[in-house]
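In this text, residue positions in the sequence shown follow this note's numbering: the first is 540, and each later residue adds one. The beta-carbon is built from N, C-alpha and C at its ideal position, and this holds for glycine as well. Following: one structure in structure tokens, then a few remarks.
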Amino acid sequence: MENEIIPYVEMCRREGVSLQRGMNYRLAKNHSVILMSVRRGAPYADRIEDDGSTIVYEGHDISRSSRIINPKVVDQPEHSPSGALTENGKFHRAAQEYKTGKRPPERVRVYEKIKEGIWSYNGVFHLVDSWREQVHGRSVFKFKLIAVEGEEDLSLPVPAHSRTRRVIPTAVKLEVWQRDGGRCARCGATEDLHFDHVIPWSKGGSSNTADNIQLLCGRHNLEKHDRIE
Ligand SMILES: [Zn+2]
């Protein structure tokens, strides 16, 4: 479920690979995986927009090599030297094919780094657009992803009408993590944690203030949801 907090090793186990790269097109039959970070000092300028429903994800640089000393001054590549599509190229093609009606949107699971060793699963997104931008004199890719509700079962086809949802802003997650000391607010457990809305978003609770978000373990998260629903 979205908003769970997940150690890096568990992310890799779930996705079935050692996640070394930020962009992983079609990691499995039905989905891609993106690792994002909006922390200060993060290597790429990822951002969350439209009140939390949209991620604008920056494409990735060319690899450092003997010929490329500083990848940050080189255009982000669409193709590798051999002519194959890079991850930028694959995501870009998928987004453009979606825009021209050739295919449904690529579904992307997004994991967000909150701090060293601590990741949050941001749920399933649709890749809906991509473009190039000039940033500090070079060309970078941007990818637009929309957070969708109720599409965790990736074996099902993309519904004709998807409902959007909102993610909790990174600053709020970090504030909650620190306030609650990385423990369930009810029992102090340190594993299987989730960011929980005290008042659910569907009942008007905000995602944008730490006052309405708490850390709960899996058991207490479930108990609470059983009571509300
Ligand atoms: Zn608990």
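**Request:** Compare the Cα-Cα distances from V762 to each of S745, V737, N747 and G743 and report the closest residue.
**Result:** Locating residue 762 in the sequence shown gives position 223, counting from the first residue. Here residue 762 turns out to be Glu, not Val, going by the sequence shown. Residue V737 is the option with its Cα nearest to E762.
**Prompt:** Between the beta-carbon of M562 and the beta-carbon of F664, is there less than 8 Å?
**Reply:** As a working note, residue 562 is residue 23 in the sequence shown. As a working note, residue 664 is residue 125 in the sequence shown. At a Cβ-Cβ threshold of 8 Å, M562 and F664 do not count as neighbours.
**Request:** Answer with buried or exposed for K712, where buried requires no fewer than 16 other C-beta atoms within 10 angstroms of its C-beta.
**Result:** Walking along the sequence shown from the start, residue 712 turns up at place 173. The residue in question, K712, is buried, as its Cβ has 16 or more Cβ neighbours within 10 Å.
**Message:** Would R586 and V595 be called neighbours here (beta carbons separated by less than 8 Å)?
**Reply:** Here residue 586 corresponds to residue number 47 of the sequence shown, with the count starting at 1. Here residue 595 corresponds to residue number 56 of the sequence shown, with the count starting at 1. For R586 and V595, yes; Cβs fall inside 8 Å.
**Message:** Just list the residues that DSSP pairs S678 with in beta bridges.
**Reply:** Looking up residue 678 in the sequence shown gives position 139. Paired residues: Q673.
**Request:** Compute the beta-carbon to beta-carbon distance between T703 and E691, rounded to the nearest angstrom, for a pair I have assumed lies under 8 Å.
**Result:** The residue you call residue 703 lines up with position 164 of the sequence shown. The residue you call residue 691 lines up with position 152 of the sequence shown. Between T703 and E691 a beta carbon distance of about 15 Å is seen, past the 8 Å cut, so the two are scored as non-contacting.
**Message:** DSSP three-state label for N639, please.
**Reply:** Numbered from its first residue, the sequence shown carries residue 639 at position 100. For clarity, residue 639 is Thr in the given sequence; the question names Asn instead. Residue state, collapsed to three classes: coil.
**Prompt:** Does the segment 605–621 come close enough to the segment 548–563 to have 3 or more Cβ pairs within less than 8 Å?
**Reply:** Taking a cut-off of 8 Å on C-beta distances, the segment 605–621 does not touch the segment 548–563, as fewer than three cross pairs fall below it.
**Message:** Whole angstroms are fine: how far does the CA of G676 sit from the CA of N747?
**Reply:** Counting from 1 along the sequence shown, the entry for residue 747 is found at position 208. Counting from 1 along the sequence shown, the entry for residue 676 is found at position 137. Whole-angstrom Cα-Cα distance: 34 Å.
**Contained beta strand (DSSP E) runs [length at least 3] in the segment 708–750, N- to C-terminal order** = Segments of the beta strand (DSSP E) lying fully in the segment 708–750: 732–736.
**Asked** DSSP puts V687 in a beta bridge; with which residues?
**Response** As a first step, residue 687 must be located in the sequence shown, where it is residue number 148. Per DSSP, T703.
**Message:** Do I685 and V667 have their beta-carbon atoms positioned less than 8 Å apart in this structure?
**Reply:** Taking the sequence shown and counting its residues from 1, one reaches residue 667 at position 128. Taking the sequence shown and counting its residues from 1, one reaches residue 685 at position 146. The answer is yes: Cβ separation under 8 Å.
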